[in-house]
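Using the working numbering, read the sequence shown as starting at 17 and increasing by one per residue.
Glycine included, every Cβ here is placed at the ideal spot set by N, Cα and C.
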Amino acid sequence: MKLLRHGPKGQEKPGLLDAQGQVRDLSALMPDITPATLSPAGLAALASVDVNTLPVVAQGEYAVPWSGMGKFICIGLNYSDHAAETGAPIPKEPIIFMKPNSAAVGCNHDVVLPQGSVKSDWEVELGVVIGSTARYVSEGDALKHVAGYCVVNDVSEREYQIERGGTWDKGKGCDTFGPVGPWMVTSDEVGDPQDLSMWLEVNGHRWQNGSTKTMIFGVAQLVSYVSRFMTLYPGDLITTGTPPGVGLGAKPNPVFLKPGDVMRLGIEKLGEQRQTVHAWDPALIDG
(Lines of atoms letter the chains of each structure in order from A; the text may use other names.)
(Lines give C-alpha, C1' and ligand atoms only; values in the text may rest on other atoms or scores of the structure.)
Protein backbone atom coordinates (compact mmCIF):
# COMPACT_ATOMS: atom_id res chain seq x y z
CA MET A 17 0.00 0.00 0.00
CA LYS A 18 0.97 3.60 -0.59
CA LEU A 19 -0.46 5.67 2.25
CA LEU A 20 -0.66 9.44 2.03
CA ARG A 21 -2.31 12.56 3.39
CA HIS A 22 -3.72 15.07 0.95
CA GLY A 23 -5.21 18.55 1.13
CA PRO A 24 -4.17 22.00 2.34
CA LYS A 25 -2.31 22.49 5.62
CA GLY A 26 -4.61 21.99 8.61
CA GLN A 27 -7.20 20.20 6.47
CA GLU A 28 -5.27 17.06 5.57
CA LYS A 29 -7.26 13.93 4.80
CA PRO A 30 -6.05 10.31 4.81
CA GLY A 31 -5.72 8.50 1.52
CA LEU A 32 -3.90 5.88 -0.48
CA LEU A 33 -2.62 5.55 -4.01
CA ASP A 34 -4.24 2.72 -5.96
CA ALA A 35 -2.64 0.51 -8.62
CA GLN A 36 -3.75 2.91 -11.36
CA GLY A 37 -2.06 5.89 -9.69
CA GLN A 38 -5.32 7.41 -8.44
CA VAL A 39 -5.69 8.89 -4.97
CA ARG A 40 -8.43 7.15 -2.97
CA ASP A 41 -9.85 8.95 0.06
CA LEU A 42 -9.90 7.09 3.40
CA SER A 43 -11.88 9.69 5.36
CA ALA A 44 -14.91 7.43 5.71
CA LEU A 45 -12.77 4.81 7.47
CA MET A 46 -10.50 6.95 9.66
CA PRO A 47 -9.98 10.60 10.57
CA ASP A 48 -6.24 10.52 9.87
CA ILE A 49 -3.23 8.29 9.28
CA THR A 50 -1.68 8.07 12.73
CA PRO A 51 1.03 5.97 14.39
CA ALA A 52 -1.70 3.46 15.30
CA THR A 53 -2.51 3.10 11.60
CA LEU A 54 1.12 2.11 10.99
CA SER A 55 1.01 -0.75 13.49
CA PRO A 56 0.83 -4.32 12.14
CA ALA A 57 -2.86 -4.49 13.17
CA GLY A 58 -3.61 -1.11 11.61
CA LEU A 59 -1.97 -2.01 8.31
CA ALA A 60 -3.67 -5.41 8.24
CA ALA A 61 -7.06 -3.76 8.68
CA LEU A 62 -6.36 -1.38 5.80
CA ALA A 63 -5.13 -4.20 3.58
CA SER A 64 -8.52 -5.90 3.93
CA VAL A 65 -10.38 -2.90 2.47
CA ASP A 66 -11.66 -3.12 -1.11
CA VAL A 67 -9.84 -0.14 -2.63
CA ASN A 68 -12.37 0.08 -5.47
CA THR A 69 -15.09 1.10 -3.00
CA LEU A 70 -13.16 4.21 -1.93
CA PRO A 71 -13.86 7.55 -3.63
CA VAL A 72 -11.30 8.89 -6.10
CA VAL A 73 -10.09 12.42 -5.38
CA ALA A 74 -7.97 14.80 -7.43
CA GLN A 75 -4.23 14.66 -6.87
CA GLY A 76 -3.26 17.90 -5.17
CA GLU A 77 -1.18 18.98 -2.23
CA TYR A 78 0.52 16.23 -0.21
CA ALA A 79 1.39 16.48 3.48
CA VAL A 80 3.78 14.29 5.47
CA PRO A 81 2.19 10.85 4.89
CA TRP A 82 1.29 10.31 8.54
CA SER A 83 0.55 12.58 11.50
CA GLY A 84 2.05 12.34 14.96
CA MET A 85 5.67 11.75 14.01
CA GLY A 86 7.41 11.14 17.30
CA LYS A 87 11.09 11.39 16.39
CA PHE A 88 12.90 12.46 13.20
CA ILE A 89 16.15 10.51 13.50
CA CYS A 90 18.96 10.90 10.97
CA ILE A 91 22.06 8.90 10.08
CA GLY A 92 25.11 10.74 8.78
CA LEU A 93 27.86 9.67 6.38
CA ASN A 94 26.27 6.29 5.66
CA TYR A 95 27.67 5.98 2.12
CA SER A 96 31.45 5.59 1.88
CA ASP A 97 31.69 7.56 -1.38
CA HIS A 98 29.71 10.42 0.16
CA ALA A 99 32.05 10.44 3.17
CA ALA A 100 34.99 10.61 0.77
CA GLU A 101 33.58 13.56 -1.20
CA THR A 102 33.13 15.55 2.02
CA GLY A 103 36.61 14.65 3.30
CA ALA A 104 35.25 12.77 6.33
CA PRO A 105 36.51 9.37 7.55
CA ILE A 106 34.23 6.36 7.10
CA PRO A 107 32.35 5.90 10.41
CA LYS A 108 33.09 2.83 12.48
CA GLU A 109 29.57 3.05 13.93
CA PRO A 110 26.47 4.87 12.67
CA ILE A 111 26.43 8.63 13.28
CA ILE A 112 23.10 9.67 14.79
CA PHE A 113 21.66 13.18 14.84
CA MET A 114 18.13 14.56 14.98
CA LYS A 115 15.92 16.94 13.08
CA PRO A 116 13.09 18.60 15.02
CA ASN A 117 9.62 17.62 13.85
CA SER A 118 9.12 21.25 12.82
CA ALA A 119 11.50 20.60 9.90
CA ALA A 120 9.14 18.00 8.40
CA VAL A 121 6.97 19.20 5.51
CA GLY A 122 5.15 17.66 2.56
CA CYS A 123 7.06 16.44 -0.46
CA ASN A 124 6.39 19.49 -2.66
CA HIS A 125 6.45 22.18 0.03
CA ASP A 126 8.68 25.18 -0.61
CA VAL A 127 12.14 24.97 0.97
CA VAL A 128 12.78 28.28 2.73
CA LEU A 129 16.38 29.26 3.37
CA PRO A 130 17.10 30.59 6.85
CA GLN A 131 18.13 34.21 7.22
CA GLY A 132 21.63 34.79 5.88
CA SER A 133 22.06 31.25 4.55
CA VAL A 134 24.67 30.86 1.80
CA LYS A 135 25.57 27.16 2.12
CA SER A 136 22.31 25.21 2.01
CA ASP A 137 22.57 21.80 0.35
CA TRP A 138 20.50 18.80 -0.78
CA GLU A 139 20.51 15.10 0.19
CA VAL A 140 18.16 12.43 -1.19
CA GLU A 141 17.64 9.75 1.45
CA LEU A 142 15.66 6.59 2.16
CA GLY A 143 13.28 7.11 5.09
CA VAL A 144 12.36 4.18 7.34
CA VAL A 145 9.02 4.44 9.15
CA ILE A 146 8.64 2.52 12.40
CA GLY A 147 5.42 0.54 12.87
CA SER A 148 5.89 -1.22 16.23
CA THR A 149 7.88 -0.46 19.37
CA ALA A 150 11.56 -1.41 19.07
CA ARG A 151 13.90 -1.54 22.03
CA TYR A 152 17.20 -3.47 21.90
CA VAL A 153 16.03 -5.45 18.88
CA SER A 154 18.35 -7.77 17.00
CA GLU A 155 19.27 -7.22 13.36
CA GLY A 156 17.38 -10.40 12.54
CA ASP A 157 14.15 -8.99 13.98
CA ALA A 158 14.68 -5.34 13.10
CA LEU A 159 12.73 -5.24 9.83
CA LYS A 160 9.67 -6.68 11.59
CA HIS A 161 9.36 -3.28 13.28
CA VAL A 162 9.33 -1.32 10.00
CA ALA A 163 5.94 -0.23 8.65
CA GLY A 164 7.32 1.10 5.38
CA TYR A 165 9.58 3.46 3.52
CA CYS A 166 9.49 6.95 2.00
CA VAL A 167 11.58 9.57 0.23
CA VAL A 168 13.26 12.23 2.39
CA ASN A 169 15.26 15.30 1.36
CA ASP A 170 17.69 15.98 4.20
CA VAL A 171 18.23 19.66 3.37
CA SER A 172 21.32 20.91 5.22
CA GLU A 173 22.86 24.32 5.90
CA ARG A 174 26.57 23.43 5.80
CA GLU A 175 27.87 26.59 7.50
CA TYR A 176 25.53 26.02 10.43
CA GLN A 177 26.32 22.29 10.46
CA ILE A 178 30.11 22.48 10.24
CA GLU A 179 31.37 25.98 11.00
CA ARG A 180 29.14 27.27 13.78
CA GLY A 181 30.11 24.93 16.64
CA GLY A 182 27.95 22.38 18.40
CA THR A 183 26.21 19.42 16.80
CA TRP A 184 25.03 18.79 13.26
CA ASP A 185 21.45 19.46 14.37
CA LYS A 186 22.04 23.21 14.03
CA GLY A 187 22.38 22.95 10.25
CA LYS A 188 19.83 20.19 9.76
CA GLY A 189 16.80 21.36 11.68
CA CYS A 190 15.76 24.59 9.98
CA ASP A 191 12.08 24.97 9.11
CA THR A 192 11.16 23.14 5.85
CA PHE A 193 14.49 21.24 5.84
CA GLY A 194 12.81 17.81 5.94
CA PRO A 195 10.44 17.16 3.01
CA VAL A 196 8.87 13.69 3.42
CA GLY A 197 6.78 11.65 0.98
CA PRO A 198 4.76 11.84 -1.25
CA TRP A 199 3.59 8.60 0.37
CA MET A 200 4.75 5.86 2.68
CA VAL A 201 5.02 2.52 0.89
CA THR A 202 4.47 -0.50 3.13
CA SER A 203 7.34 -2.93 3.58
CA ASP A 204 5.64 -5.80 1.78
CA GLU A 205 5.39 -3.70 -1.39
CA VAL A 206 8.98 -2.46 -1.26
CA GLY A 207 10.74 -5.77 -0.67
CA ASP A 208 14.51 -5.46 -0.17
CA PRO A 209 15.31 -1.92 1.07
CA GLN A 210 18.96 -2.45 0.08
CA ASP A 211 18.23 -2.56 -3.64
CA LEU A 212 16.61 0.79 -4.48
CA SER A 213 17.97 3.32 -6.97
CA MET A 214 17.84 6.99 -5.95
CA TRP A 215 18.52 10.33 -7.62
CA LEU A 216 18.33 14.10 -7.20
CA GLU A 217 18.39 17.00 -9.69
CA VAL A 218 18.70 20.76 -9.22
CA ASN A 219 17.39 22.88 -12.10
CA GLY A 220 17.37 19.80 -14.32
CA HIS A 221 21.00 18.85 -13.63
CA ARG A 222 21.45 15.36 -12.16
CA TRP A 223 23.69 15.69 -9.10
CA GLN A 224 22.97 12.45 -7.25
CA ASN A 225 22.59 9.03 -8.82
CA GLY A 226 22.98 6.22 -6.32
CA SER A 227 21.58 3.09 -4.76
CA THR A 228 20.81 1.88 -1.27
CA LYS A 229 23.07 -1.07 -2.13
CA THR A 230 26.07 1.06 -1.18
CA MET A 231 25.01 1.94 2.36
CA ILE A 232 27.70 1.29 4.95
CA PHE A 233 25.08 0.25 7.51
CA GLY A 234 21.90 -1.30 6.11
CA VAL A 235 18.36 -0.67 7.31
CA ALA A 236 18.26 -3.70 9.62
CA GLN A 237 21.57 -2.68 11.18
CA LEU A 238 20.38 0.88 11.69
CA VAL A 239 17.04 -0.01 13.29
CA SER A 240 18.80 -2.43 15.64
CA TYR A 241 21.57 0.05 16.44
CA VAL A 242 19.34 3.05 17.08
CA SER A 243 17.06 0.91 19.30
CA ARG A 244 19.99 0.46 21.70
CA PHE A 245 20.10 4.20 22.39
CA MET A 246 16.42 5.17 22.31
CA THR A 247 13.12 3.35 22.16
CA LEU A 248 11.58 3.53 18.71
CA TYR A 249 7.82 3.97 18.59
CA PRO A 250 5.27 3.75 15.77
CA GLY A 251 5.45 6.90 13.68
CA ASP A 252 9.15 7.53 14.31
CA LEU A 253 11.20 8.18 11.16
CA ILE A 254 14.82 7.19 10.51
CA THR A 255 16.42 8.74 7.45
CA THR A 256 19.44 6.72 6.43
CA GLY A 257 22.10 8.87 4.75
CA THR A 258 22.77 10.06 1.21
CA PRO A 259 24.86 8.87 -1.74
CA PRO A 260 27.52 11.13 -3.30
CA GLY A 261 26.68 14.21 -5.34
CA VAL A 262 25.86 16.80 -2.70
CA GLY A 263 26.69 20.43 -3.39
CA LEU A 264 29.37 20.53 -0.67
CA GLY A 265 31.36 17.89 -2.55
CA ALA A 266 31.21 19.55 -6.00
CA LYS A 267 34.62 20.03 -7.65
CA PRO A 268 36.41 22.33 -8.11
CA ASN A 269 34.05 24.50 -6.04
CA PRO A 270 31.06 23.66 -3.85
CA VAL A 271 27.60 24.54 -5.19
CA PHE A 272 24.80 25.60 -2.85
CA LEU A 273 21.10 26.31 -3.14
CA LYS A 274 19.82 29.78 -3.97
CA PRO A 275 16.34 31.27 -4.25
CA GLY A 276 14.60 30.13 -7.41
CA ASP A 277 16.34 26.74 -7.59
CA VAL A 278 14.11 23.72 -8.14
CA MET A 279 14.99 20.33 -6.63
CA ARG A 280 13.54 17.07 -7.98
CA LEU A 281 14.36 13.78 -6.32
CA GLY A 282 13.08 10.26 -6.10
CA ILE A 283 13.67 6.70 -5.00
CA GLU A 284 12.66 3.57 -6.90
CA LYS A 285 9.19 2.33 -5.82
CA LEU A 286 8.72 5.29 -3.44
CA GLY A 287 7.79 8.22 -5.69
CA GLU A 288 9.20 11.66 -6.38
CA GLN A 289 9.44 15.06 -4.71
CA ARG A 290 9.76 18.58 -6.10
CA GLN A 291 10.67 21.71 -4.11
CA THR A 292 11.26 25.31 -5.07
CA VAL A 293 13.84 27.18 -2.98
CA HIS A 294 12.91 30.58 -1.53
CA ALA A 295 14.64 33.26 0.47
CA TRP A 296 13.53 33.68 4.07
CA ASP A 297 9.81 34.34 4.30
CA PRO A 298 7.89 33.11 7.36
CA ALA A 299 4.63 33.20 5.40
CA LEU A 300 5.98 30.39 3.21
CA ILE A 301 6.78 28.31 6.28
CA ASP A 302 3.44 28.67 7.99
CA GLY A 303 1.29 28.65 4.85
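Could you check what DSSP says for Glu-141 in three-state terms: helix, strand or coil?
Glu-141 falls in the strand class under three-state DSSP.
May I ask which residues mark the beginning and end of the alpha helix (DSSP H) holding Ile-301?
298 to 302
Could you tell me if Gln-291 is buried or exposed, where buried requires 16 or more neighbouring beta carbons within 10 angstroms of its beta carbon?
buried
Drop a sphere of 10 angstroms on the beta-carbon of Val-72, count the other beta-carbons inside from all chains shown, and report buried for 16 or more, exposed for fewer.
exposed
Can you tell me whether DSSP reads Glu-173 as helix, strand or coil?
strand
Should the region 69 to 89 be regarded as contacting the region 21 to 36, the criterion being three or more beta carbon pairs within less than 8 Å?
yes
In the DSSP assignment, the alpha helix (DSSP H) including His-161 goes from what residue to what residue?
Taken as a continuous stretch (DSSP letters only), His-161 belongs to no alpha helix (DSSP H), as it is neither H nor E.
DSSP has Asp-41 in a bridge; who is on the other side?
Gly-31
Going by alpha carbons, who is nearest to Gly-234 out of Ile-91, Leu-32, Thr-50 and Arg-40?
Ile-91
Distance check for Thr-202 and Pro-260, CA to CA, integer angstroms please.
27 Å
Measure the C-alpha to C-alpha separation of Val-242 and Gly-181 and round it to an integer number of angstroms.
Taking the straight line from one Cα to the other gives about 24 Å.
Less than 7 Å separating the beta-carbons of Val-171 and Phe-193?
yes
Can you check which of these residues, Ala-100, Leu-216 and Thr-149, is closest to Ser-240 by C-alpha distance?
Minimum Cα-Cα distance from Ser-240 among the listed residues Ala-100, Leu-216 and Thr-149 corresponds to Thr-149.
For Pro-110 and Asp-252, what's the separation of their Cα atoms in angstroms?
CA-to-CA, the gap between Pro-110 and Asp-252 works out to about 18 Å.
Taking the beta carbon of Glu-179 as the centre, do at least 16 other beta carbons fall within 10 Å, making it buried, or is it exposed?
exposed
Using the Cα positions of Ile-254 and Gly-143, report the straight-line distance between them to the nearest angstrom.
Distance between the alpha carbons of Ile-254 and Gly-143 is about 6 Å.
Flag this pair as yes or no: are the beta carbons of Val-196 and Asp-277 separated by less than 7 Å?
no
Considering Lys-188, what are the terminal residues of the alpha helix (DSSP H) in which it resides?
185 to 188
Rounded C-beta distance between Pro-51 and Pro-250? I'm assuming under 8 Å.
4 Å
What would DSSP say about Ile-49, mapped onto helix, strand or coil?
coil
Would you kindly work out how many angstroms separate the C-alpha atoms of Gly-156 and Gln-210, rounded to a whole number?
Here the C-alpha atom of Gly-156 lies approximately 15 Å from the C-alpha atom of Gln-210.
Hey, Trp-296 and Pro-130 are a contact pair by Cβ (cut 8 Å); roughly how many whole angstroms apart?
6 Å
Leu-93 to Thr-258, Cα distance in whole Å?
Taking the straight line from one Cα to the other gives about 7 Å.
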